[in-house]
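> In this note's numbering, the protein residues as written are 9 to 223. Positions of the beta carbon are idealized from the N, C-alpha and C atoms, including for glycine. Since the model is a prediction, treat every value here as computed from it, not as a measurement.
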């Protein structure tokens with residue numbers, strides 16, 4: 009796919025805003041490709057990590073925020089460690105995800121990823137540790153796959169891999185202070201943690217895929 013990059017696009021404030029907000033000098037990247045060469049998920053991405061960085065340099069905000077790459081990044085930090093310019097690419101990917109979420113520019117095929125992230129954070133906020141049963145149940149419910157992996161539950165119960173009831177932690181209030189200071193708790197409650205549009209996109213995608221299989 010080819011794009012026409014205008015002078016206005018290159019001079020857009022996207023690059024400066026990103027560098028100011030996440031504190032990473034993206035303009036220092038000279039496209040050596042080490043980040044893409046070491047990325048374990050690159051084969052699934054529509055744009056390689058170094059391509060995303062270059063697109064940021066060129067001010068291509070719409071293309072970057074609508075890409076699948078920023079949602080597939082596993083934050084393993086391989087790219088960050090290998091970068092000869094000491095650019096924290098994983099941090100940049102995280103910033104781009106937050107920006108895409110605020111602008112409602114999540115690709116239809118990747119809506120389950122931010123949905124999982126929100127449910128996970130809510131889980132930690134409530135119990136202080138991961139409550140696997142609640143996480144799985146809520147994710148299946150809101151993603152439209154109510155009985156996904158349901159057959160595995162008895163085996164996992166018997167082997168004590170998951171429990172029916174959640175287990176709390178000491179000093180849960182202290183943990184919630186961390187959420188408040190980071191800003192996640194306030195934003196999560198204002199957004200009701202699960203944006204209605206996100207849930208609608210998930211259920212719509214599931215419904216469309218089922219209709220197509222019946223054809």
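If you reduce the DSSP assignment to three classes, tell me which class residue 82 lands in.
Stepping through the chain shown from its first residue, residue 82 is reached at position 74. Here residue 82 carries a coil assignment [DSSP, helix/strand/coil].
> When you compare only the Cα positions, how much space is there between residue 127 and residue 143?
Here residue 127 refers to the residue found at position 119 when the chain shown is read from its first residue. Here residue 143 refers to the residue found at position 135 when the chain shown is read from its first residue. When rounded, the distance between both Cα atoms is 7 Å.
> In or out: residue 86 buried (at least 16 other Cβ within 10 Å) or exposed?
Residue 86 sits at position 78 when you count from the first residue of the chain shown. Classification of residue 86: buried, given that the 10 Å Cβ count is 16 or more.
> Residue range of the alpha helix (DSSP H) that residue 72 falls in?
Reading the chain shown from its first residue, position 64 is the one you call residue 72. Counting along the chain, the alpha helix (DSSP H) containing residue 72 begins and ends at 69-73.
> Please go through the same chain and pick out, in chain order, the residues whose beta-carbon is closer than 6 Å to the beta-carbon of residue 55, but skip the five residues on each side of it.
One-based indexing of the chain shown puts residue 55 at position 47. 75, 77, listed in sequence order.
> Fully enclosed by the stretch 117-189, which alpha helix (DSSP H) runs are 4 residues long or longer?
120-135, 140-151, 161-166
> Write down the C-beta distance between residue 91 and residue 42 rounded to the nearest angstrom, noting that I regard them as a contact closer than 8 Å.
Counting from 1 along the chain shown, the entry for residue 91 is found at position 83. Counting from 1 along the chain shown, the entry for residue 42 is found at position 34. Rounded, the Cβ-Cβ distance is 6 Å, consistent with contact.
> Using three-state DSSP, classify residue 196 as helix, strand or coil.
Here residue 196 corresponds to residue number 188 of the chain shown, with the count starting at 1. For residue 196, the predicted model reports a pLDDT of 48, less than 50, meaning its position is unreliable; a value from the coordinates is still stated below. Helix.
> Under a Cβ-count criterion, where at least 16 other Cβ atoms within 10 Å of its own Cβ denotes burial, should residue 190 be classed as buried or exposed?
For the purposes of this step, residue 190 is identified with residue 182 of the chain shown, where counting begins at 1. Exposure of residue 190 is indicated by the presence of fewer than 16 other C-beta atoms within 10 angstroms of its C-beta.
> Could you check the C-alpha separation between residue 141 and residue 123 for me, to the nearest Å?
Here residue 141 corresponds to residue number 133 of the chain shown, with the count starting at 1. Here residue 123 corresponds to residue number 115 of the chain shown, with the count starting at 1. If you take the alpha carbons of residue 141 and residue 123, they lie about 16 Å apart.
> Between which residues of its own chain and residue 1 is the CB-CB distance below 7 Å, once the five residues before and five after are set aside?
No statement about residue 1 is possible, as the shown extent of the chain runs from 9 to 223 and does not include it.
> Quick check on DSSP: helix, strand or coil for residue 97?
The residue labelled residue 97 in the question sits at position 89 within the chain shown. Helix, per DSSP.
> Which of helix, strand or coil does DSSP assign to residue 21?
By 1-based counting over the chain shown, the position of residue 21 is 13. In this structure, residue 21 counts as coil in the three-state DSSP scheme.
> Check whether chain C comes within 9 Å of residue 130, counting only Cβ atoms and requiring the distance to be less than that.
Here there is only one protein chain, and chain C is not present.
> With respect to the alpha helix (DSSP H) encompassing residue 62, which residues constitute its N-terminal and C-terminal limits?
On the chain shown, residue 62 is found 54 positions in, with the first residue counted as 1. First-last of the alpha helix (DSSP H) with residue 62: 57-65.
> Let me make sure I understand the geometry here. Which of 164, 100, 32, 79 has the alpha-carbon closest to that of residue 52?
As a working note, residue 52 is residue 44 in the chain shown. Looking at the Cα atoms, 79 is the closest of the given residues.
> Put residue 31 into one of helix, strand or coil per three-state DSSP.
On the chain shown, position 23 is the one that residue 31 refers to. Residue state, collapsed to three classes: coil.
> Between the C-alpha atoms of residue 96 and residue 20, what's the straight-line distance to the nearest angstrom?
The residue given as residue 96 occupies position 88 in the chain shown. The residue given as residue 20 occupies position 12 in the chain shown. Spanning the two alpha carbons is a distance of roughly 22 Å.
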